[in-house]
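Numbering of the sequence shown is given in our numbering, commencing with residue 24 and proceeding in unit increments. All C-beta atoms in this analysis are idealised placements derived from N, C-alpha and C, irrespective of residue type, glycine included. Worksheet for the structure shown next.
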Amino acid sequence: MAVNIAEMYTLLFAKDNNVAYEALQKLQTESENANSVYPYIDKFIDMLDDKNAYIRVRGLTLIAYNAKWDTDYKIDEIIDKYLQHIVDIKPIVARQCIKLLPLLTSSKPDFCLDIISALQKADISIYADSMRPLVAKDIQNSLQKIKA
């Protein structure tokens, strides 16, 4: 069954997080297999500035999943903005961003050095004691995958 990308994009902003998550999953799967979601890349980039942490995560996710289709180098233009989310005010956003970086570098190997540097410089002291070890572990895992 074909995915209605416009409809799935709209559902990313649904108040019901289960509906939004399902739309995200469908768009991720579609992005793995075809470039049909890529025309929405500018909209995903705009999501990085949303006040809602879940919407920021969805934007980060769909940018990473569409990196392999980025023939217009749109991600290259916003990589610094993307990497700022390594230390997002919300640790859940930071963790998702960090976990997505190996996927991003697999499609955009030119970013490896910048991403490694950003991960190594990340000041995770901004997070509560309960979150800091989790973020630190995510950083180590992503560094290992990127350097592999």
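Distance between I102 and A171 (C-alpha atoms, nearest Å) = Those two C-alpha atoms are separated by around 21 angstroms.
If we count Cβ pairs, one from each stretch, closer than 8 angstroms, do we get three or more for the stretch 28-36 versus the stretch 46-56?
-> A contact exists between the stretch 28-36 and the stretch 46-56.
Helix, strand or coil at S140 according to DSSP, with G and I counted as helix = Residue state, collapsed to three classes: helix.
Count the other CB atoms, across all protein chains shown, that sit within 10 Å of the CB of I68; report buried if there are 16 or more and exposed otherwise.
-> With 16 or more other CB atoms across the displayed protein chains lying within 10 angstroms of its CB, I68 is buried.
Other residues of its chain near V26: CB distance less than 7 angstroms, five sequence neighbours each side excluded | Excluding residues within five positions, the ones whose Cβ falls inside 7 angstroms are K49 and E53.
Rounded separation between A151 and A145 - CA only = Their Cα atoms are separated by approximately 15 angstroms.
What does a CB cutoff of less than 8 angstroms around I115 pick up in its chain, not counting 5 residues either side in sequence?
-> Non-local C-beta neighbours of I115 in its own chain, meaning closer than 8 angstroms and more than five positions away in sequence, comprise A76 and V80, ordered along the chain.
Express the C-alpha separation of K131 and A90 in angstroms, rounding to a whole number.
-> Cα to Cα, A90 sits roughly 7 angstroms from K131.
M70 in three-state terms, based on DSSP = Helix.
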